[in-house]
Amino acid sequence: MPKRKANAKADFFKPKKGKVAEESTDTESSKENGIRGDENERSWKILSWNVAGLRALAKKEGHKSILSKSADILFFSEIKCNEWPVDLESDFKAYHKTLAISQEKKGGYAGVALLSKIKPLKVWKGIGDSTFDGEGRLIIAEFTRFYFIGAYVPNSGRGLVNLEKRGKWEELFLEKIKELDEQKPIIYAGDLNVAHNEIDLANPESNRNKTAGFTDQERGWFTRLLEAGFKDTYRELHGDKQEYTFWSYMGNARSKNVGWRLDYYVVSNRVFDKMKQSLVIIVYERLVISYMFSTHGLLVSGNDMEKGEIE
Numbered sequence: 241m242p243k244r245k246a247n248a249k250a251d252f253f254k255p256k257k258g259k260v261a262e263e264s265t266d267t268e269s270s271k272e273n274g275i276r277g278d279e280n281e282r283s284w285k286i287l288s289w290n291v292a293g294l295r296a297l298a299k300k301e302g303h304k305s306i307l308s309k310s311a312d313i314l315f316f317s318e319i320k321c322n323e324w325p326v327d328l329e330s331d332f333k334a335y336h337k338t339l340a341i342s343q344e345k346k347g348g349y350a351g352v353a354l355l356s357k358i359k360p361l362k363v364w365k366g367i368g369d370s371t372f373d374g375e376g377r378l379i380i381a382e383f384t385r386f387y388f389i390g391a392y393v394p395n396s397g398r399g400l401v402n403l404e405k406r407g408k409w410e411e412l413f414l415e416k417i418k419e420l421d422e423q424k425p426i427i428y429a430g431d432l433n434v435a436h437n438e439i440d441l442a443n444p445e446s447n448r449n450k451t452a453g454f455t456d457q458e459r460g461w462f463t464r465l466l467e468a469g470f471k472d473t474y475r476e477l478h479g480d481k482q483e484y485t486f487w488s489y490m491g492n493a494r495s496k497n498v499g500w501r502l503d504y505y506v507v508s509n510r511v512f513d514k515m516k517q518s519l520v521i522i523v524y525e526r527l528v529i530s531y532m533f534s535t536h537g538l539l540v541s542g543n544d545m546e547k548g549e550i551e
């Protein structure tokens, strides 16, 4: 891909006019709003969930499972709406909210949301390319000690018709995450639409290079990301354990546990030792909460969540 101009990084971190500029914030204002701003003195609980539609989630009261975890950062992918649902407003009033919505289908497609009890220093939406930024796929939030990146990575599509487009995303994203990692550690979460290894799906042979998410190209792109200085927290912590985060609606896949692990937490190598757990929590139907935590001022959750902050 062509090289970017010398000041491209500076341009990326300069808030743009409009909503993105308005969402650039500081921790002092978060204290004034009554939302905890003690970022340097605490551990973090971070939760990521492909909700497959926020409004549908609200109707089934699936969000109650989320609220019970008392997470500090929530990242929802595939929200499929163009604004935060009114009937969820009161339940999530403790969170600052940023939505990146799909412009192409009036919010009925893709879209992501970032909610945080501590107000980010700054927030950016999108990867910096119009091919993807109209689909609502990426939110980056800067905190004092790390960057949080939440993504709903493009699917390569039935028959792999969008594999080339996916490759463009991967090139842009790798460049972006490496730039950010030079400044602060990264916590990257979301539906990444790839089963990296054979152990990450139930039927690798029948899906290899035939089904989106398990092509040599997609797996190779994820390998390249890890080789750039990052770790797949779940796989690092759980070895060969086989758990999934997605099941097709077809063929009773959920009851047969014919699934895929498509949802990840990826962190910078230099902060991986602060991780304590990275878990998959089955909530209801095919929907899955995955969450993680560390022991010293970066991330958090897991079995010890209800015990409060980790010393």
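In this text, residue positions in the sequence shown follow the numbering used here: the first is 241, and each later residue adds one.
Every residue, glycine too, gets a C-beta built ideally from N, C-alpha and C.
Asked	Found
Take F388 and list the residues in its own chain whose beta-carbon comes closer than 7 Å to its own, dropping the five residues that flank it on each side.	I313, A381 and I427
Can you say whether S330 is buried or exposed, counting buried as having 16 or more other CB atoms within 10 angstroms of its CB?	exposed
Would the beta-carbon of I379 fall within 8 Å of that of V363?	yes
G430: buried (16+ other C-beta within 10 angstroms of its C-beta) or exposed?	buried
If you reduce the DSSP assignment to three classes, tell me which class K357 lands in.	coil
Cβ atoms of F386 and P231: under 8 Å apart, would you say?	What is shown of the chain runs 241 to 551, which leaves residue 231 out entirely.
Let me confirm a value: G348 is counted as buried when at least 16 other C-beta atoms fall within 10 Å, else exposed. Which label applies?	exposed
Less than 8 Å between the CB atoms is what I'm expecting for K471 and V506, so what's the real figure, rounded?	7 Å
Check whether the region 437–455 and the region 391–410 are in contact - that is, three or more C-beta pairs closer than 8 Å.	yes
Which partner residues of L441 appear in the DSSP bridge assignment?	W500
Measuring alpha carbon to alpha carbon, tell me which residue in S370, A391, F383 and G368 is nearest R377.	A391
Is it buried or exposed, V326, if we count other Cβ atoms within 10 angstroms and call 16 or more buried?	exposed
With 16 as the cutoff for other CB atoms within 10 Å, does S446 come out buried or exposed?	exposed
Can you give me the start and stop residues for the beta strand (DSSP E) that S488 sits inside?	From DSSP, S488 is part of no beta strand (DSSP E); its letter is neither H nor E.
Which same chain residues end up closer than 7 Å to A350 when comparing Cβ atoms and leaving out the 5 residues on each side of it in sequence?	E318, S342, E375, G376, R377 and Y392
Leaving out five residues on either side along the sequence, give the residues of the same chain with a beta carbon under 6 Å from the beta carbon of K496.	none
Could you spell out the range, first to last residue, of the beta strand (DSSP E) harbouring V210?	Outside the modelled stretch of the chain, which goes from 241 to 551, sits residue 210, for which no answer is possible.
From which residue to which residue does the alpha helix (DSSP H) around W409 run?	L403 to D421
Who are W364's beta bridge partners in DSSP?	I380
Measuring alpha carbon to alpha carbon, tell me which residue in F316, D480, S283 and A311 is nearest A298.	F316
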